[in-house]
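Those sequence lines, one after another, are chains A and B.
Our numbering applies: residue 1 is where the first sequence begins, and numbers increase by one.
Our numbering applies: residue 1001 is where the second sequence begins, and numbers increase by one.
Protein chains: 2
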Amino acid sequence: MSHIAGARQAQKQRTRQALLDAGLRLLEHQSLSSLGLREITREVGVAPAGFYRHFRDMSDLGVALVSESFGSLHAMVRAIRGEQAKSDEVIDGTVAVIARYVREHRAHFRFIARERHGGMQQVREAIAAELDKFAEELASDLSAQPESEGWSQEDIRMLAGLYVNQMVLIATSFLEASPDDPESEERIARTARRQLRLIHLGRLHWLDG
Amino acid sequence: MSHIAGARQAQKQRTRQALLDAGLRLLEHQSLSSLGLREITREVGVAPAGFYRHFRDMSDLGVALVSESFGSLHAMVRAIRGEQAKSDEVIDGTVAVIARYVREHRAHFRFIARERHGGMQQVREAIAAELDKFAEELASDLSAQPESEGWSQEDIRMLAGLYVNQMVLIATSFLEASPDDPESEERIARTARRQLRLIHLGRLHWLDG
DNA sequence: TCATCCAGTAAACAGTCGTTCGCCCAACCG
DNA sequence: CGGTTGGGCGAACGACTGTTTACTGGATGA
Chain A
1 MSHIAGARQA QKQRTRQALL DAGLRLLEHQ SLSSLGLREI TREVGVAPAG
51 FYRHFRDMSD LGVALVSESF GSLHAMVRAI RGEQAKSDEV IDGTVAVIAR
101 YVREHRAHFR FIARERHGGM QQVREAIAAE LDKFAEELAS DLSAQPESEG
151 WSQEDIRMLA GLYVNQMVLI ATSFLEASPD DPESEERIAR TARRQLRLIH
201 LGRLHWLDG
Chain B
1001 MSHIAGARQA QKQRTRQALL DAGLRLLEHQ SLSSLGLREI TREVGVAPAG
1051 FYRHFRDMSD LGVALVSESF GSLHAMVRAI RGEQAKSDEV IDGTVAVIAR
1101 YVREHRAHFR FIARERHGGM QQVREAIAAE LDKFAEELAS DLSAQPESEG
1151 WSQEDIRMLA GLYVNQMVLI ATSFLEASPD DPESEERIAR TARRQLRLIH
1201 LGRLHWLDG
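Here it is as structure tokens:
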């Protein structure tokens, strides 16, 4: 196996992680395509040439950050799935979980929001692929619910996409709220709950006509 | 008046516009924060120092591009308002208008999508302000419709925000479709129409419970 | 007509950048 | 133990960056 770290590979992974952490930290106020290789190595305290021992270039590091970020996000999804109840409670719980995870993984979410439509193609594609996988998982969850009886696969996929986009949107709204203003956060949560409820109502009446 | 161009000011505005156009062209494959001042002046055929006769710095040019872009967008909104009919026709028309405007103003929409959460604060704020103004106008439109009877101002504003976000999302989806693939474009339009219809259904049943 | 203005210029400034090249030396394996 | 591996280093490379300076010359207005 390759992951049973000898003291050798362990140190390598430690500096690799340090590079990722420094990158994420520096990305708080700029975007990936304007972030310099030297900027990162300087922050870590490593010679510029050392960077190449871990990443081919900056977009390579960007793709690695995408994986890391979606680790957090999948943990969030599992937390949402965990709380099973009916409609209103699920919605309230969902918004609360999003708020909590954004608070605890601010840098990761900001990175995803910023680079989702950002300047580096490889990173954009990596994010799109992860979001797509996410929507697919959600779709299979949704199709198991009684509300989805009589729905076509395509419509379920459409609804899953709507939910995923909405959740990303809610998360980025929380990001834009001032970090230490619980009032603005509550205002955003209030709007987010209503929007999710409206979508839920639409779902319940999809097959009416 | 300042806008009755003498041959003097006319030429100034022409190179200013040339700088904006070159900027927008170069932003097709990168983001604003990685775009260099010299890159733009080189493209236009102007000395680097000349840039400062028109913009304080790159974020200043970015804000100007935001205004220019939302000129296109407001034209689009007027086109949507123009076509009045009921529910399904409105939705089909809306999606068609978005598709057309994205096709005709690709660079502007890509710029907005990319910089909405991008690296430069001033530009982000300018975009947020424009989108907010947009949502406010839409809210006042919505409140004049019979479907909004009995709705609180806050809920109407919530719905308007949902629509605006959805329209931006639809536009960026079109952007990501290959430019000359009418089939993928139709697939996206199909999904977009259903998502808007589901939201519309939710709207109709908002006051049920 | 003549003095004034000002968009655009050329040159130089002090930096920064990504990338390549040997080299070193501690961890590793037989 | 001795030979090999490979992460990290320091230095140098050419190219590029944003910004300031003093200037030119055509449009401008009295």
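Glycine included, each C-beta is placed from N, C-alpha and C at the ideal position.
Query	Result
If contact is defined by three or more beta carbon pairs under 8 angstroms, each pair taking one atom from either stretch, is the segment 1062–1074 of chain B in contact with the segment 1155–1163 of chain B?	no
Beta-carbon of ARG38 (chain A) versus every beta-carbon of chain B: anything under 8 angstroms?	no
Comparing the C-beta of SER31 (chain A) with each C-beta of chain B, is any distance below 8 angstroms?	yes
Cα separation between ALA212 (chain A) and THR172 (chain A)?	For residue 212 (chain A) there is no data in the structure shown, the boundaries of chain A being 1 and 209.
Counting only beta-carbon separations shorter than 8 angstroms, does MET1158 (chain B) have a partner in chain A?	yes
Mind checking ASP132 (chain A): buried by the 16 CB within 10 Å criterion, or exposed?	exposed
Compute the distance between the beta-carbons of SER1034 (chain B) and SER34 (chain A), then report whether it is under 8 angstroms.	yes
Around the Cβ of TYR1052 (chain B), are there at least 16 other Cβ atoms within 10 angstroms (buried) or fewer (exposed)?	exposed
Give the C-beta separation of ARG1193 (chain B) and ASP1057 (chain B) to the nearest angstrom, bearing in mind that I take them to be a contact with Cβ-Cβ under 8 angstroms.	Not really, about 42 angstroms apart at Cβ, beyond 8 angstroms.
Give a yes or no on whether the minimum CB-CB distance between ASP1155 (chain B) and chain A is below 8 angstroms.	yes
Any beta carbon from chain A within less than 8 angstroms of ILE1199 (chain B)'s own beta carbon?	yes
At a CB distance below 8 angstroms, what residues from the segment 70–99 of chain A approach chain B? Give them in sequence order.	none
Can you grab the Cα-Cα spacing for the pair ASP260 (chain A) / LYS86 (chain A), in whole Å?	What the structure shows of chain A is the stretch from 1 to 209, and residue 260 (chain A) is not part of that stretch, so it cannot be assessed.
Going along the chain, which unbroken runs of the alpha helix (DSSP H) with 4 or more residues stay wholly within the segment 1038–1101 of chain B?	1058–1082
Only counting the same chain, and skipping five residues up and downstream in sequence, which positions put a Cβ closer than 8 angstroms to that of ILE1156 (chain B)?	ALA1139, LEU1142, SER1143 and SER1148
Using only the alpha-carbon positions, how far apart do ARG16 (chain A) and VAL46 (chain A) sit?	11 angstroms
Check the Cβ-Cβ distances between GLN122 (chain A) and every residue of chain B, and say whether any is below 8 angstroms.	no
With GLN1030 (chain B) and GLY119 (chain A) assumed to form a contact (beta carbons below 8 angstroms), what rounded beta-carbon distance in angstroms separates them?	5 angstroms
What residue does the alpha helix (DSSP H) around ASP1132 (chain B) start on, and which one ends it?	1121–1143
Note down the Cα distance separating ARG114 (chain A) from ALA1007 (chain B), rounded to an integer number of angstroms.	43 angstroms
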